[in-house]
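In our numbering, the protein residues as written are 2 to 49.
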């Protein structure tokens, strides 16, 4: 049982920071994906 508590206390902080950063980056990735799709459509329309 002590091994589990030690493991959680050692790994818990990095996991929490990683989850926080992933949540923050997710919204930016969605915006970037939308921008790339919009750019692709604009380029396609320019070729026609």
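Built from N, CA and C at the ideal position, the CB exists for glycine as well.
Taking only the alpha-carbon atoms, compute the straight-line gap between residue i and residue j and give it to the nearest angstrom.
| i | j | result |
| --- | --- | --- |
| residue 27 | residue 9 | 25 Å |
| residue 37 | residue 13 | 35 Å |
| residue 29 | residue 20 | 15 Å |
| residue 17 | residue 25 | 12 Å |
| residue 46 | residue 15 | 46 Å |
| residue 23 | residue 35 | 18 Å |
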